[in-house]
Structure formats: C-alpha cells, structure tokens
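So the protein sequences, as listed, match chains Z and C.
Each residue of the first sequence is one higher than the one before, starting from 690 at the first, in my numbering.
Each residue of the second sequence is one higher than the one before, starting from 338 at the first, in my numbering.
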Amino acid sequence: MRDWRYRLGEHRGTLLAFVFFILMFTIYASNHPAGFTANVVQTAANKGVLLALVAMAQTFVVLTAGIDLSVGMVLVLTNCLASWIVVGSPVMVGLGVLGVLITGAVCGAISGAIVIYGRLQPIVTTIATGAIYFGIALALRPVPGGDVDSDLADAFTGRLFGVIPSSLVALLVVVLVIWVPFRRSEIGRAAYAVGSSQPAAYMSGVPVRAASFLVYVLSGVIAAIGGLFLTFITASGEASAANGGSYTLFSIAAAVLGGVSLFGGSGSAIGAIFGALMFRTIGDLLFVFDLEPLWQPLFQGVVLLAAVCLGSVRLFQIRNRLDLFE
Amino acid sequence: MEGASKRYGGVKALEKADLTVEAGQIHGILGENGAGKSTLIKIMAGVVEPDEGRMLLEGREIKFASPAAANQAGIVCIFQELSLIPDLSVADNISISNPPKKFRLIDRRAQRRIAEEALARAGAEDIHPLAPVKDLPLSRRQMVEIAKALARNPRVLILDEATSALTAADVAKVFVVLKRLRSEGLALLYISHRMHEIAELADRCTVFRNGRNVATYRAGEKSDNEVVELMIGREYSHVFPAKRPLAASDKPPVLEVRKLSWSGRLKEISLAVRAGEVVGLGGLDGQGQRELLLALFGVLRGVSGEILVDGAPASISSPSAAKTRRIGMALIPEDRKTEGLMLPMSVRVNLSFAALDRISRRGVVDRASERRLIDEMIELLTIRTDGIDAPVGALSGGNQQKVVIAKWLMVKPRIVLLNDPTRGIDVGTKVELYQLLRKLAQTGAAIVFYSTDYDELIGCCDRVLVLYDGAVKRVLAGGEITERALIGSALNIGTRGEGAAMASGTSV
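Printed below as a string of structure tokens:
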C-alpha cells in the first residue's frame, strides 16, 4: 500500500518536469496559429531532442556529483566530424556514424580519466578538455560547411507514419538502450551511490572508480549522438563557440529543471529530457504570445531560478548551521 | 591477529596487538578513547593496512586491500559512522555490494525479497524496503546497517558501537539477533562503551590500553571495577602547570547555562563558569560535548534553555553574535583544517579574520595595529613560522593549532570554548597550550575545555562535567578528578570516588 508513495517520491522530480512540460506545451500548441498539427510537433520535437540529448549527457556526470562543461564542445566537435565522414555509400555512412560515436566516447574517456585517475576537479578539467575539443573542431571546419547523408538526415528528422516525429522515436531508443540498462545495472547504482556519499560507497565495497569513469564515457557517447543529430538538422558542420557554450549551460539548466540534484545521487535522465523540452518550450511560448524574442533569456532565467528555489526548501529544516555548508 | 601495529605520523595507534576470535562466540572489546580499538577494527575490515603483523582466518594468512575484499572473505563490519547511501532506498542499500541479477541487470523483486528477509532477521520489519535512507531517523538507519551486514552472510561480524544510536527496545531486538547468530556459529566482535551490554552479551572480553591488548578474560570473571582498573594506567607524559584555588567572589559567573536542550542530543544541561576557572567536559567521545560547545557559540538552531553572560540573559544567534564585545566568546574548533583555518591563506590573514572589526577603521584594515597585535600573539604563543605571510598550510600541526588559538585570542575573549584542541599535536606544543590555558584563566577568562584525553582533564581543570548521552552525569571538582572517577562516570557505572569504588560493582 505504501509502495506507490515511495515510488512517487523517488520519481517526483521527473513527474513534476513531465507535468509542467505537458502544461506548457498544451498552452503553446493551442495558441499556435497553425494549431496542434503534426508539423508543429515535429519542429518542436527536433529542436527539443537536441537539447534533451545534451541534457542527458550532462545528467550522467551530475549524478555522480561531478559536472561536465565539455558536453557542448563534444557536440560541436562531433558535428564537425560528422559533416566530413557521414557521407557516401551506405557502408561509409555506417562507418562514419560509428566513428562519430567512438569519438564521443574517447572525448568522455579523456575527461573522465583526468578527473578520476588524475584527481583533478571536474570543472577545470572539462573546461580545458572542452577547449581542446573545440580547437579540433575548428581545425576540422575553419568555416561552416560540409554535408551529411540526406536520406539518413530525413529519416531522423522527419515523421513516422506521417504523424510521429522520428526524432522522438530516436530519443526513446537512446533511453531504452543506454539509460534504462544503466539505471538498472550494478554500475549504474554505483554511480548514484558515489554521487550520494562517496565515503559510504567506498566503505560498502562499491566500484567507485569504474562507475565515475563510465559516466564520463556515456556522457561523451550521448553528446556525440547529439552532434550527429545537429548535423542531420543543419546538414552542415560549424565550429561555433557560442553554440558549444550555450548548449553546455542549457544542459545544466535542463537537468536541474528535470529534478536532477547538482549535489549528485538523485534524479534521472528522463527528468532531464523533460527539463530540456520544458526549457525549449519557454522560448516557443514567448513566440506564440508575440513577445519580443529579446525577453527569452530573462524568462528562462526566472523559470530556472524558481525551480532551484523549490529544490532548496529543505534547508529550512536544518538544525545545525554547519550542515548548511556541506 | 598477531602482532599488528599501526602508526599515524608519530602516534602509535596500535602496537603489537594480538586478538583471537572464535566461532560461536561473542567477543567484547573494551578500552578508553584512543586505546586502539577503532584502528584494530579498521585493519580487520580492510580499511587501513597494518604496518606490521599478520591476520589469520581459519589458519590461513589473509590480507585485505579494501573493505570489499574483507567482505568477500566473510568479515563484515558495522561501523560507528554509518556506511549507508542516503539517496538510495533501504533495499538498494542492503544489497549494494552484491545485488541479485537477472539478464545482468539488477533484479528488483529478488532484491526486495532479500531486503525483507534481512530486515526480518534484524528484527526491523517496520522499515519499508523502498523508503529512502535519508528520510529514516538515526535509530532506524542503524537497524538498516545491521540488516545490510546480515544480508552478506558474514562469518565474522564486527559491531563497532553499533547500538549507540538505538532505543532500548531496538537494543533488545538486536541482542536476540546476535545471540541467534552466535548459535549459528558466527564469530562476533562486539565493541561498546556500555559495560552492561558487554556483560550481557559477551562470552570473552579483551581490554585494550595504549594500543595493546592488556587482558583477555572470560565474561563474568572480573568485576566492573577490575575492568576499569585494567583500562586505566596511561603513561603520564605531560607536565601541567599548577592550579590555583579560586578566591571566593560574589560576582555572577561569566557564563551560566540553565537547562540547555537541543534536538534530543542535549538534555537539560546546566553549568556555570566563573572568571579564572577552567571547566572541563569529560566523558566518552560523542556524548554531546561538541554539540554543547556549538550550541553555546550560536551554531545550532532550535536550542532551548537559558544562557547568561555576567548574570544577564544573552541571546547568541550566530558565531558573529558570540564574538561581540559584550559576550566576548571564542570557540577553538575541533577540526582546525575545516572549521579553524583557511589553509592556503597567510598566517597574517588567518590571524586577523576574527578580529577584523577591532583592527580596522571605517572598514579599512589598519596595517600597523594589525601588525602589532599579530606580533604580540606570535610571541605569546611562540608560533614558529617563516614570517607572517607564509601560508598556514605550510606550518606543522602544532603550530597550526596555535594559529587557531591565537586568532581567537586576538579578539580578547572573556569566554573561551575549546573543543579537543590537542588532538594530533606533539607533546611539546601540548605543554605550551596547558600553560597558556592557565595564563588565560589567570587574566580572568572563563574557560570551557573539552578533551578526550583524561590526563588533560585531570591536569588542567578546576572542575569536570562528565557527559553521557547528552546529559551531565556527574560533576567532579578538585581532588575528585581522578582517572578512575572519570572513566567510571564516563561509562555510566556507579563508581563513587576512590574508596567507594571498590564496594559498588553494579552496572546501571
């Protein structure tokens, strides 16, 4: 009988993000001049899925109480790489996709190895590795350009059966193939344990280092999937520092909106996905209500601040002021 | 275990200790603070590696690189500091190190079944397996910790103060479980400060003192007083300055506390400290001494009771309120690295922090008066440093501790609270600190001094309040402050002074 209450408690952040997103999206779609059509949903989905992927990538690392400021740059690097190698014969395209994913994994593994085995702080490490990845991206694409296999691009950004945005289906597959097994595996639980209390995790004999390393690798892979997706949408590669930076920052915002704790140990990538979709919808809402797009950052900031405030209500219950600083 | 030794820096925590634990027995371990019990357990549980000596399990020599390796070998330890992961559920925690799997993924149903079984074995069926650990009260968490250990099917189970947070009803349940485990053929190692628990449970007991095992005996062979006798007998290695009797005075005490309580951890504590007096806080580690000092210093929220300074009620809502001129309180914290110093910053900056309002004019630090005050302090405390702009982190432990103390002396406090200030510093510095304490008292300061070292309490204090479970159990004054009286009242057994000690052998 009490089971459902505990389950609800565990997924509260995710559910809240889901409800808020549905609410906002309904308002958006019902006020859209074109109405609630497959086209409107498809455009929204393509924009949303991109941020959702980056937010997911961020979530893996944040769960272990780390942070990855290189996700945006991995996205940009893999975008530039994909614009070179995901072209040609089907075999070449297939190898190209694989190459992009491996590149993402390697990027993540480098950051992870430095943070975990070199014992450096994640913030500085990922700023540095991020800058390196961006440097490589610039070398690959000094000026925007390139191409991508158009059949593949259409397949991933179009619609299935005329109604379902295929980007959403692709996202679902990523969740089922990467997130769900991770969440239910021993090493995934170890990642949560590390984020929640590293000393307790160590004392309990949990594979602390393996879990911390794996999250960076997975983060890199998912950022690379995001990079592929960006290439499918834009059909070109561009080494844009502004893009990389804003995706990194938005990914953190989306994760927080989705109920992922920056202190680590609680939250879910699914929450982060809805957080990302929500964050995107804020911008779209301004559009349908004919507000200046200039207001967008301000509104996104207000929403983010409100979400963070909700998360810190518990601080009022603390009885020892020294605990406030932990 | 044979001849195990461990040093931390220059401190010998364990020296050639031997211990034999047999299957089907509960083995009690006794010893005062710092006698080497914790180190011994940490070695057995694979948390630290011994410098020398060896461990044998069923005749074979074993070595553990990590707690996980020890678990694998069947040695499971329930630590004093909890090893549970706050954000995960009870069921997740119970099978954290070896979850049941199906298709290489965690089988949640099986995991839940294991959790329910383990909780039932520990007698804690009231805990829901899906509840997140962080929402459980401390006593329930402790039960989860026990259930978690049982779920690993240990051959050797070590309980280190495992009952300290439990209610009497839970303790009774745990005892039933432990006795059943004994009959199932497990070897149990039971460390507790509660003498009556050891008396009820243990088949054999070993007493530790100064990092060595001094006696092993069958339970019931020795009286409480004989056991206390075994635990006493530390080597006196400190020199204490002479105490001076306080002249009678009708001035109100500088600091008076009436019925102070907090959050179930402090219970109606009353005390008074007059100018020139050093009042010690004694008792075992973690009986509320630290919380009492934090409560006085305005760190804790929701403290009830009255605090009077110079006979007038004072409300101290934060450390910055505590250090105002009217109250003039200073707290020398326990952990100098996190609560006392900014390690990378210079000696100058660290020293001036607390006293900035006194040495600045209109918000600007007056370098000349800062320098004067700092020189005064460095001379008073004989701090050895390469100049005042060297980072504090480069100083030795003893000198760092002096900087912490000097920092607070710069505000010229009238009330000085010290939280175990001599932990981990060398003997020479300790002696200097004792002399400083006396000097401060003679200039009219009221001093509250918590120490885990009984010698210090005996040598430095005019009176000692012995705390047990958040309440003052006994007040010792003058000649009453002896090691026997301190240990006796710290263990909360009914020893009354030297003469009566032999007569009363009952445990409470």
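Glycine is no exception: its CB is placed at the ideal position from the N, C-alpha and C atoms.
Over the uninterrupted alpha helix (DSSP H) stretch that includes residue i, give me the two end residues.
i          : result
Cys-798(C) : Here Cys-798(C) belongs to no alpha helix (DSSP H), and DSSP marks it neither H nor E.
Leu-980(Z) : Careful: Leu-980(Z) lies outside any alpha helix (DSSP H) and carries neither H nor E.
Val-753(C) : Premise fails: Val-753(C) lies in the beta strand (DSSP E), 752 to 756, not in any alpha helix (DSSP H).
Ile-941(Z) : 930 to 946
Glu-817(C) : Run containing Glu-817(C): none; DSSP gives neither H nor E here.
Pro-888(Z) : 887 to 892
Glu-563(C) : 561 to 568
Ser-719(Z) : 701 to 720
Kindly say whether residue i, judged by its beta-carbon, lies nearer than 8 Å to any beta-carbon of chain Z.
i          : result
Leu-356(C) : no
Asp-429(C) : yes
Arg-638(C) : yes
Phe-416(C) : yes
Thr-843(C) : Below a pLDDT of 50, predicted positions are generally treated as unreliable, and Thr-843(C), at 36, falls in that range; the measurement from the model is reported next regardless. It does not: the Cβ of Thr-843(C) has no partner Cβ on chain Z nearer than 8 Å.
Pro-474(C) : no
His-533(C) : no
Gly-834(C) : Because the pLDDT at Gly-834(C) is just 41, under 50, the model does not fix this residue reliably, and the point stays unresolved.
Ala-838(C) : Note that Ala-838(C) scores a pLDDT of 36, beneath 50, so its modelled location is shaky and nothing firm can be said.
Gly-346(C) : Legend: pLDDT at Gly-346(C) = 47, less than 50; position of this residue unreliable, value from coordinates given subsequently. Answer no: the Cβ-Cβ gap between Gly-346(C) and chain Z never drops below 8 Å.
Ile-412(C) : no
His-465(C) : yes
Ile-644(C) : no
Asp-424(C) : yes
Ser-697(C) : no
Ala-405(C) : yes
Ser-607(C) : no
Asn-490(C) : no
Ile-528(C) : no
Measuring only between beta-carbons, confirm whether residue i sits less than 8 Å from chain C.
i           : result
Arg-1008(Z) : yes
Ala-889(Z)  : yes
Gly-936(Z)  : Per the sequence shown, the amino acid found at residue 936(Z) is Tyr instead of Gly. No, because no Cβ of chain C sits closer than 8 Å to the Cβ of Tyr-936(Z).
Gly-641(Z)  : Within the shown structure, residues of chain Z are numbered from 690 to 1015, placing residue 641(Z) beyond reach of any answer.
Arg-696(Z)  : yes
Tyr-806(Z)  : no
Leu-994(Z)  : no
Leu-999(Z)  : no
Asp-979(Z)  : no
Ser-885(Z)  : yes
Ala-882(Z)  : yes
Glu-875(Z)  : yes
Could you spell out the range, first to last residue, of the beta strand (DSSP E) harbouring residue i?
i          : result
Ser-738(C) : A small correction: the amino acid at residue 738(C) is Gln; Ser does not occupy that position in the sequence shown. Gln-738(C) -> not in any beta strand (DSSP E); alpha helix (DSSP H) instead, spanning 734 to 746.
Val-866(Z) : First-last for Val-866(Z): undefined, no H or E at that position.
Leu-367(C) : 362 to 367
Leu-553(C) : The sequence given here has Thr at residue 553(C), not Leu. Segment 549 to 555, the beta strand (DSSP E) holding Thr-553(C).
Leu-518(C) : First-last for Leu-518(C): 505 to 520, but that is the alpha helix (DSSP H), not the beta strand (DSSP E).
Ala-814(C) : 808 to 814
Ala-524(C) : 524 to 528
Asp-497(C) : 493 to 497
Heavy atom of the ligand GDP less than 7 Å from the Cβ of residue i, yes or no?
i          : result
Leu-770(Z) : Absence of the ligand GDP is noted for the structure shown, with no ligands found whatsoever.
Quick one: what's residue i bridged to in DSSP?
i          : result
Cys-542(C) : Gly-365(C), Tyr-554(C)
Val-738(Z) : Paired residue(s): none; Val-738(Z) is not in a bridge.
Pro-295(C) : Shown here, chain C extends from 338 to 845; a query on residue 295(C) therefore has no answer.
Tyr-787(C) : Leu-618(C), Asn-756(C)
Val-384(C) : DSSP lists no partner for Val-384(C).
Met-480(C) : Beta-bridge pairing links Met-480(C) to no other residue.
Using a Cβ cut-off of 8 Å (strictly closer), state whether residue i contacts chain A.
i          : result
Ala-447(C) : In the displayed structure, chain A is absent; the protein chains listed are Z and C.
### Message
Whether or not the region 771 to 787 of chain C and the region 692 to 712 of chain C are in contact is what I'm after, with contact meaning three or more pairs of Cβ atoms, one per stretch, closer than 8 Å; do they touch?
### Response
no
### Segment contact flag, the region 723 to 732 of chain C with the region 636 to 645 of chain C, C-beta cutoff 8 Å, min 3 pairs
no
### Task
Mind the definition here: the region 846 to 862 of chain Z touches the region 936 to 948 of chain Z only if three or more C-beta pairs lie below 8 Å; say whether that holds.
no
### Message
I want to know whether the region 982 to 1002 of chain Z touches the region 940 to 959 of chain Z - three or more CB-CB distances under 8 Å.
### Response
yes
### Message
Restricting to runs no shorter than 3 residues, where is the beta strand (DSSP E) found entirely within the region 652 to 723 of chain C?
### Response
666 to 669
#### Entry: Unbroken stretches of the alpha helix (DSSP H), 4 residues or longer, contained in the region 772 to 854 of chain Z
779 to 806, 811 to 829, 839 to 846
### Task
For the region 697 to 705 of chain Z and the region 947 to 961 of chain Z, state whether three or more C-beta atom pairs, one from each stretch, are separated by less than 8 Å.
yes
### Message
Report the start-end ranges of each beta strand (DSSP E) in the region 578 to 645 of chain C that is 3 residues or longer and not cut off at the edges.
### Response
592 to 599, 603 to 610, 615 to 619
### Task
With a floor of 4 residues, list each alpha helix (DSSP H) that falls wholly inside the region 394 to 461 of chain C, ordered by position along the chain.
404 to 409, 427 to 431, 445 to 458
### Task
Could you tell me whether the region 610 to 619 of chain C touches the region 768 to 784 of chain C, where touching means 3 or more Cβ pairs closer than 8 Å?
yes
### Task
Tell me, please, whether the region 515 to 534 of chain C touches the region 349 to 367 of chain C by the rule of three or more beta-carbon pairs shorter than 8 Å.
yes
### Message
Three or more C-beta pairs under 8 Å: does that hold for the region 793 to 803 of chain Z against the region 883 to 892 of chain Z?
### Response
no
### Query
Quick one: any contact between the region 817 to 833 of chain Z and the region 761 to 768 of chain Z, if contact means 3 or more CB pairs under 8 Å?
yes
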